[in-house]
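S.K.: The structure follows.
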Amino acid sequence: MAAKQIRLFRIHPDDNVAVAVETLTKGEPVDLNGKTYTPLGNIPAGHKMAIRPIRKGEDVVKYGFPIGTAKEDAAPGTWMHTHNVKSKLGDLLSYTYEPEKAPKQKTLDMSGYTFDGYLREDGRAGIRNEVWIVPTVGCVNGIARTIENMSQTFKTEHIDGIYAYSHPHGCSQLDGDQERTQRILSGLVHSPNAGAVLVLSLGCENNQVALMKEAIGDYNPDRVKFLVCQDVDDEIGEGVHIVQQLCAYADQFRRTPQPLSKLTIGLKCGGSDGFSGITANPLVGSIANKVTAAGGTAILTEVPEMFGAETLLMNRCKDKATFEKTVKLINGFKEYFMRYGEKINENPSPGNKEGGITTLEDKSLGCVQKGGTATVMDVLDYGERAQEQGLLLLQAPGNDLVAANALAASGCDLVLFTTGRGTPFACPVPTIKISSNSRLAAHKKNWIDFNAGQLLEGRSMDEVSEDFLRFILDVASGRKRAKSEALDKHELAIFKDGVTL
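Using the numbering used here, the first residue of the sequence shown is number 544, and each one after it goes up by one.
In structure tokens:
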């Protein structure tokens, strides 16, 4: 018997709005849990409809939490969006650690789940074995790409690719701004997906090789080599020669079975819609629960998209010290907004709004679901590498490219990226795109790897989550490739916050 088509979806019993699964027509009754509601106007798919009377100034509740307040009285059947709902977000807040409010963790048996990865000498496992060329400064981007192109003959069946990365930074930067660049570049040097790395310098830039070596810390000189272009007669020839040596080193690695505890996943969303918090984000949250239950690591970022939902994460912190780091994470990013005179609630984007996201609280409450229900074990600064296992929070903005690059630099093997609108971008590590709805999955087959819209079509979370985990392990093992891996991943996006000389 076919599953009954869902047309209206209420996420939490306390919600006074429900989400239109398909476009609702004015005056055409729609059923929700045995009750009938009549839309007072046309309501686009992914958008919200009032299912109880909501008075002016009253909270609009979704996910069981306020996503804003009503600007005017709204009767059942009213379309609730930016025209009649406003954010409640404002200044810095004080928080109280209330771990008793954290959800109880379910025991998950994740024994038997493995992937075929590359075991590195530091004990981590990569899912790709690539040779990377990382510039210290934007001036040598062209040199790096030329070395990449001329080195392709050294690629073997055990090397997944040779890639040069580009960015415009490394010179004319000062203090903390330059340190951001160094942290991201050094994090990429340590990526488990990089079998070997050439760090390429011009020679006269602010970001000197000596400073980069300090940022990188301990390294194996067979795996990481340096070239200063101004110090040699033929930087192209010398660079190609070094890459040949690095390829010989990287070629020794082979895929071997690795436990799920060796996997580190990044959690990111972009171009969200009204279904993201119902399908794709909870699906990724279920994967985060499984990976962390196995002893692996999941890293959640996009700090501005935690605003309005931050207490859900704070109460899940492992201890008071981690809670305090989370408070600093949230208020520190609000202060960043305030330094530039920007509103803390200056989000969501036009695409988010068109897809049904009304306020930043609306987006945030959906966004944090990507972290599942696991305990928050640590909070990372921008560019800081993960040391703890479990669920971690990472300081980075909501910008897709900047956040995904930050996840890669923190040690993620891959990024799980949920979207209701679609995006083709790639970053240094495989980026798996998960659609929140079936229409997008069918429309952009060249972008989307997995369709979470199945969850609105009769399939259970357990079924879809198991399928998705198997897909992830296939990608991690090299049996499948993320769609983004067929696209250009050469450009690095680095979070800049400082003076340019």
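Glycine is no exception: its CB is placed at the ideal position from the N, C-alpha and C atoms.
These figures come from a predicted structure and were not determined experimentally.
Rounding to the nearest angstrom, what Cα-Cα distance links D1040 and A949 in this structure?
M.R.: Position 497 of the sequence shown, counting from 1, holds the residue named residue 1040. Position 406 of the sequence shown, counting from 1, holds the residue named residue 949. For D1040 and A949, the distance between alpha carbons rounds to 15 Å.
S.K.: Any C-beta of chain C sitting closer than 9 Å to the C-beta of K871?
M.R.: The question asks about chain C, but that chain is absent: this structure has only one protein chain.
S.K.: Using only the alpha-carbon positions, how far apart do A939 and I759 sit?
M.R.: As a working note, residue 939 is residue 396 in the sequence shown. As a working note, residue 759 is residue 216 in the sequence shown. Going by the C-alpha atoms only, they are around 20 Å apart.
S.K.: For a test of the three-state rule: what should DSSP assign to G829, helix, strand or coil?
M.R.: As a position in the sequence shown, residue 829 is number 286, starting the count at 1. Per the sequence shown, residue 829 should be read as Ser rather than Gly. Three-state DSSP puts S829 in a helix.
S.K.: Name the DSSP beta bridge partners of L1012, please?
M.R.: Locating residue 1012 in the sequence shown gives position 469, where the first residue counts as 1. Paired residue(s): none; L1012 is not in a bridge.
S.K.: Mapping the DSSP letters down to three states, classify P973 as helix, strand or coil.
M.R.: Indexing the sequence shown from 1 puts residue 973 at position 430. Residue state, collapsed to three classes: coil.
S.K.: Apart from the five residues on each side of it in sequence, which residues of its chain come closer than 7 Å, Cβ to Cβ, to E691?
M.R.: As a first step, residue 691 must be located in the sequence shown, where it is residue number 148. Excluding sequence neighbours, E691 sits near I676, I705, Y706 and A707.
S.K.: Just to confirm my understanding: we take F960, look at its own chain, exclude 5 residues before and 5 after, and list those with CB closer than 6 Å. What are they?
M.R.: In the sequence shown, the residue the question calls residue 960 occupies position 417. K811, T974 and K976.
S.K.: At a cut of 8 Å, does the region 621-635 reach the region 979-999 through at least three beta carbon pairs?
M.R.: Judged by Cβ distances under 8 Å, the region 621-635 makes no contact with the region 979-999, as fewer than three pairs qualify.
S.K.: Use the C-beta contact count for K506: other C-beta atoms within 10 angstroms, 16 or more gives buried, fewer gives exposed.
M.R.: Past the edges of the chain, shown from 544 to 1044, lies residue 506, and the structure says nothing about it.
S.K.: Helix, strand or coil for L897? Go by DSSP, reduced to three states.
M.R.: Along the sequence shown, read from residue 1 onward, the residue named residue 897 stands at position 354. Note that residue 897 is Glu in the sequence shown, not Leu. E897 falls in the helix class under three-state DSSP.
S.K.: What first and last residue would you give for the beta strand (DSSP E) that runs through G660?
M.R.: By one-based count along the sequence shown, residue 660 stands at place 117. T657 to L662 is the extent of the beta strand (DSSP E) around G660.
S.K.: Under the rule that 16 or more other beta-carbon atoms within 10 Å means buried, what is S829, buried or exposed?
M.R.: Here residue 829 corresponds to residue number 286 of the sequence shown, with the count starting at 1. Buried, by the Cβ-count rule.
S.K.: From E878 to E700, what does the alpha carbon distance come to, in whole angstroms?
M.R.: Position 335 of the sequence shown, counting from 1, holds the residue named residue 878. Position 157 of the sequence shown, counting from 1, holds the residue named residue 700. Roughly 49 Å separates the two Cα atoms.
S.K.: State whether the region 919-938 contacts the region 784-802, with contact taken as three or more CB pairs (one from each stretch) at a distance under 8 Å.
M.R.: The region 919-938, when compared against the region 784-802, does not touch it at the 8 Å Cβ threshold.
S.K.: Would you mind reading off the limits of the beta strand (DSSP E) that contains C812?
M.R.: Taking the first residue of the sequence shown as position 1, residue 812 is located at position 269. Looking at the DSSP string, the run of the beta strand (DSSP E) that includes C812 is T807 to C812.
S.K.: Does DSSP classify F608 as helix, strand or coil?
M.R.: Taking the first residue of the sequence shown as position 1, residue 608 is located at position 65. F608: strand per DSSP, three-state reduction.
S.K.: Select from D776, Q725, R1002 and N980 the residue whose C-alpha is nearest the C-alpha of A588.
M.R.: As a working mapping, residue 588 is identified with position 45 in the sequence shown. The candidate whose alpha carbon is nearest that of A588 is N980.
S.K.: In terms of DSSP beta bridges, what is C860 paired with?
M.R.: If you number the sequence shown from 1, residue 860 lands on position 317. Answer is V919, bridged to C860.
S.K.: Go through the region 672-748 residue by residue and report every complete run of the alpha helix (DSSP H) that reaches 4 residues or more, in order.
M.R.: Complete alpha helix (DSSP H) runs here, min 4: 684-693 and 718-732.
S.K.: Buried or exposed: where does K569 fall if 16 or more other Cβ atoms within 10 Å of its Cβ makes it buried?
M.R.: For this step, residue 569 is matched to residue 26 along the sequence shown. Its Cβ having fewer than 16 others within 10 Å, K569 is exposed.
S.K.: Under 9 Å between the Cβ atoms of V742 and C714?
M.R.: Along the sequence shown, read from residue 1 onward, the residue named residue 742 stands at position 199. Along the sequence shown, read from residue 1 onward, the residue named residue 714 stands at position 171. No, these two residues do not count as a Cβ contact at 9 Å.
S.K.: Which residue comes first and which comes last in the beta strand (DSSP E) that contains M592?
M.R.: What you label residue 592 is simply residue 49 of the sequence shown in a count that begins at 1. First-last of the beta strand (DSSP E) with M592: K591 to A593.
S.K.: According to DSSP, is G669 helix, strand or coil?
M.R.: Start at 1 with the first residue of the sequence shown, and residue 669 comes out as number 126. Three-state result, G669: strand.
S.K.: So I610 packs on T901, CB below 8 Å; how close in whole Å?
M.R.: Position 67 of the sequence shown holds residue 610. Position 358 of the sequence shown holds residue 901. Indeed they touch by this definition, with Cβ atoms about 7 Å apart.
S.K.: Exposed or buried, which one is A561 when buried takes at least 16 other CB atoms within 10 Å?
M.R.: As a position in the sequence shown, residue 561 is number 18, starting the count at 1. Buried is the call here.
S.K.: Pick from R1002, G780, N888 and N942: whose alpha carbon is nearest that of I1037?
M.R.: Position 494 of the sequence shown, counted from the first residue, corresponds to residue 1037. When each option's Cα is compared against that of I1037, the closest is N942.
S.K.: Would you mind reading off the limits of the alpha helix (DSSP H) that contains D943?
M.R.: One-based indexing of the sequence shown puts residue 943 at position 400. Where D943 is concerned, the enclosing alpha helix (DSSP H) stretches over D943 to A952.
S.K.: Measure the beta-carbon distance from G898 to R964 and round it to whole angstroms, keeping in mind my assumption that it falls under 8 Å.
M.R.: Taking the sequence shown and counting its residues from 1, the one referred to as residue 898 is at position 355. Taking the sequence shown and counting its residues from 1, the one referred to as residue 964 is at position 421. 6 Å between Cβ atoms; contact.
S.K.: Could you tell me which residues DSSP pairs with A617 in its beta bridges?
M.R.: Locating residue 617 in the sequence shown gives position 74, where the first residue counts as 1. In the DSSP output, where bridge partners are listed per residue, A617 has I597.
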